[in-house]
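Encoded as structure tokens, the structure appears first; notes follow it.
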Amino acid sequence: MNEHSKIENMGGCSEIPVLKERGQREVFCGLTGIIWLHRKIQDAFFLVVGSRTCAHLLQSAAGVMIFAEPRFGTAILEEKDLAGMADAHEELDREVANLLERRPDIKQLFLVGSCPSEVIKLDLSNAAERLSKIYFPKVKVLNFSGSGIETTFTQGEDACLASLVPTLKETDEENLILVGSLPDIVEDQLVELIKELGIKEVAVLPGRDRETMPSIGKKSKFILVQPFLTDTTEALEKRGASRINAPFPFGEEGTTLWLRSIKENYGISDDKFEIVTSAPRKRAQLGLKKLRTSLQGKTIFFFPDSQLEIPLARFLSRECGMKLIEVGSPYINRSLVDKDLELIEDMPVISEGQDVDLQLDRCRESNPDITVCGLGLANPLEAEGLTTKWAIELVFTPIHGYEQAQDLAELFVRPLKRKEALLI
Amino acid sequence: MKLSIWTYEGPPHVGAMRVATAMEKLHFVLHAPQGDTYADLLFTMIERGNKRPPVTYTTFQARDLGADTADLFKKACKEAVERFKPEALLVGASCTAELIQDDPGGLADALNLEIPVIPLELPSYQRKENFGTDETFYQIVKALSCTQEKTKKFSVNILGPTALGFRHKDDVRELKTILDDLNIDLNTVAPLGASPSSIKSLTKAHANVMLYPESSELACRWLKENFGMPYTEHTPIGINSTKDFIEELNKIRGVKDSFSDTSRLNFDWWSKSVDSNYFTGKRVFIFGDATHVATASRIAKEEMAFSIVGIGCYNREYARKIRSLAKDLSVDALISDDYLEVERRIADLQPELILGSQMERHIGKRLGIPCAVISAPFHVQDHPARFSPQVGWEGANVIFDTWVHPLVMGLEEHLLGMFREDFEFNDTAGPSHLSNSKSKLNEEKETGADNEIRWAPEATKELKKIPFFVRGKAKRNTEKFAFENGHSAITKDLLYEAKAHYAR
């Protein structure tokens, strides 16, 4: 599929060329986001309307079945739904009724579209509206698409958050909204730092339940904590909120620049900023210093996965001294990652999309010290002698902010150390 | 539409992948959207596969629909053949591609490739993973088989082992040893390790060993009908089933008696030794794929002297077999792929041991009931580094160890009883090798707030002396006995009357 591969100029303020590829993609679809979203939003249920494949994907990606009844499930389409022998909407209503009866703790229900539901044009927004009429106000029913024909991995979270935005309460008050789901502990750290800077009204999207979803209005400002939130950004701007553009809060430098963008936007004094950030900055610097020696000068190759690749590449090259060979991302929204891109020196190959066989050829050819890739590729590449880092760990592990800077670097140190330690 | 939370089987194209991944020099082009590549990680992670599954996914997107998905498919086929140079090509569609009806077989045919193209029909909205393995292997055999001269000496094929099968690789190794003992030549193993050219030579053998009906029954039946090849129907898992399998094989080759070296077999003596006395009548629930459940039931009953309280399988294709077996055992058969239904059944039956898949292992953890894994689906921890077959004599040894491991052993049971009254003994700790968490079920039973039957204090005190791992059952039985006999209060005497009543 190499005729699809072409170098394109990204335009805009920078002249960075991007290798755009189209072919087999070795990435998850957007449904996978449900794995962390259902833990984050604790009164929500995610009902995928899809096939056995969707259910099997969620189960395989979730790995361990910790919960007898997790707050997600798949309404599996059957032959009779497709052949028109059953009215799919009636069937869905029945499944939802059973579910909500069994789970009275559910306050928000997301109907999640899949590849098959989209191909048969099952209108889930219509269904959400109809079901809302029945169950609101006890249960809020929303819908978004996590289908593989529309979304890649983290874009599922984008679609979910974007679906929430129109339902947020209107406010005339000023507030600052952090956008993107984070582990609770990291979220608390960042919110606390911002409050210490003197900003009183700080909210988070998504809130941990229906009650804590932020309000929004023309005086709202928002800042992203995750780089994959294109549709959510658009939806928030539509509601009149304005975005604070910043590099993403990975590492000491990233977190400082992220906080500084807020500081400047709010006209907070340098002194105040110094007082609030100096202690955690020093801690982060100290933690990174120890690990930098292991990463300095090592080469790294990113297969596309979560859209976190560009901000992470910035962190690894600037704060850990790594050499970037190729930074692959499933989709690049220049306006969201430009602040990170600007900081990357010795620009590597930036690639968007994927033709996995061609990319594997490039990876083997460049023989990197670490390859960041999905679980389907990791063991085969290890068997070929390459050292790999599971990309999914970067999504499931707390890596944002000052206190996690060291943990983030450590994720890349560990496979290298193991390689050294093993004498077999 | 049916709500599913955890599933036992994947879609049928995952079954096709299990066959393709087991084989060499075969490539599978799957018409599928982005995301279906998740299936690769089942092989690379659970089985720690060191190669990518030989599958090319077309990865169509919304914007391709109605435009050029067919061209995308043809291009993927051409490029896969150029890059991987397979001896044959499998083509098929995943659930979404099935809806857009691009006809992978027709499209691949139009390319005039120089290698055989084997189209697969995998009805994703009706069938599941095991059907996919059986159907795919059958289509491969059907497409590639031709008449061949038989080997001079009696030889067999081993048919059925696939990738992601429960201990399939080890089973083949053990079975090879047994065939060797019996002086039977092995012609080919398939799909595991076979190439399209070795599939062609299947018909050189005199008979087939149908190792797992789930993945090879269609192929065995077709080879019998078209090439007159008989096949074995006994799956050699457990002592008695292995003996029956050998006898069946002897009958096929016209030999009266043959020697199989059982000096490796320890199971029989281990089971007769005194410590194993404590297994007698252990209440066991068995669930998984039909083949492993059927063989495990026989082992449980005849070779361990357990008491079977229920059996079931998730693959509906073999429901009849499991139902008739359940009838013989005088228990109810549970034919279901609804995980919550299985959990409810286990909670109701309160077995002392579950033999199941990884799904039942999770159920067991939650209910505080020990579980040994006997069937797919399995987790990475049930794919051990050491040689651990289920088949044959060594398989029997492995099964003994695996089943006994989660149980409280004879002497340990005594010691628990002896020290229960000791103030330093922590009654809630449970056996050291099981999870520390106290059984949820027992806790619920202990509170018993909604129960109308009243427990006298002295009876409650007595109940607490009963080891925690049987306390839930004792309480339930006593209450049932009290209810059935019209008692509204449970005294210490009644507790023991109930115990006598339920004595086995």
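Going down the list, the sequences are from chains R and F.
For reference, each letter of the first sequence is one residue, going 1 to 424 in my numbering.
For reference, each letter of the second sequence is one residue, going 425 to 928 in my numbering.
Think of the CB as a built atom: it goes at the ideal place given N, C-alpha and C, for glycine as much as any other residue.
Just so we're clear, the structure is a prediction, and the values are computed from it rather than from any experiment.
Report buried or exposed for residue i, applying the criterion of at least 16 other Cβ atoms within 10 angstroms of its Cβ.
i      : result
R:T167 : exposed
F:D492 : exposed
R:A241 : buried
R:K282 : exposed
F:A927 : exposed
F:E785 : Position check: residue 785 of chain F holds Arg in this sequence, whereas Glu was assumed. It counts as buried.
R:N245 : exposed
R:K339 : buried
R:P137 : exposed
R:P280 : buried
F:D558 : buried
F:P881 : exposed
R:A421 : exposed
F:E573 : exposed
F:H829 : exposed
Would residue i count as contacting chain R if we go by Cβ distances under 8 Å?
i      : result
F:C737 : no
F:F484 : yes
F:G854 : Residue confidence for F:G854 is low, a pLDDT of 49 falling below 50, so the modelled location carries little weight; the figure read from the coordinates is stated next. By this cut-off, F:G854 is not an interface position.
F:P457 : yes
F:N554 : no
F:M441 : no
F:M653 : no
F:T431 : yes
F:V438 : yes
F:R507 : yes
F:Y549 : yes
In chain R, which residues lie less than 7 Å from residue i when you measure between Cβ atoms?
i      : result
F:S428 : A55, G73, T74, I76
F:P435 : S51, R52, T53, H56
F:R472 : N379
Would you mind telling me which residues of chain F sit closer than 8 Å to residue i, beta carbon to beta carbon, in chain order?
i      : result
R:V119 : L489, T520, L523, I524
R:Q24  : T461, T480, Y481, T482, T483, A500
R:L99  : L427
R:L92  : M425
For residue i, would you say it is in contact with chain F, using Cβ-to-Cβ distances shorter than 8 Å as the test?
i      : result
R:L37  : no
R:N333 : no
R:A241 : no
R:C115 : yes
R:P104 : no
R:L423 : no
R:P70  : yes
R:S60  : yes
R:F28  : yes
R:T233 : no
R:T152 : yes
R:L122 : no
R:E79  : yes
R:L425 : A query on residue 425 of chain R cannot be resolved here, the shown segment of chain R reaching from 1 to 424 and no further.
What does DSSP give as the partner residues of residue i in its beta bridges?
i      : result
R:S220 : R:N175
F:A614 : F:L583
F:Y481 : F:L454
F:Y655 : F:N632
R:K389 : R:V372
F:E559 : In the DSSP output, where bridge partners are listed per residue, F:E559 has none listed.
R:K323 : R:T299
F:W879 : F:I914
R:H400 : R:F250
R:N143 : R:L111
Identify the contact partners of residue i in chain F, using a Cβ-Cβ distance below 7 Å as the criterion.
i      : result
R:L375 : L465, T468, M469
R:A128 : What R:A128 touches in chain F: nothing, since even the nearest Cβ is about 16 Å away.
R:D357 : R507
Under 8 Å Cβ-Cβ, which residues of chain R neighbour residue i?
i      : result
F:K475 : P380, A383
In chain R, which residues lie less than 9 Å from residue i when you measure between Cβ atoms?
i      : result
F:M447 : Ordered by position in chain R, no residue passes the 9 Å Cβ test against F:M447, which lies about 17 Å from the chain.
Find the residues of chain F that neighbour residue i, judging by a C-beta separation of less than 9 Å, and give them in chain order.
i      : result
R:I149 : P457, Q458, G459, F484, Q485, A486, R487, D488, L489, T520
(Q) Check whether the region 95-112 of chain R and the region 561-579 of chain F are in contact - that is, three or more C-beta pairs closer than 8 Å. (A) no
Q.
Across the region 186-196 of chain R and the region 213-220 of chain R, are there enough close Cβ pairs to call them in contact, namely three or more that are closer than 8 Å?
A. no
Q. Given 8 Å as the limit, is there contact between the region 545-552 of chain F and the region 610-624 of chain F, that is, 3 or more CB pairs closer than that?
A. no
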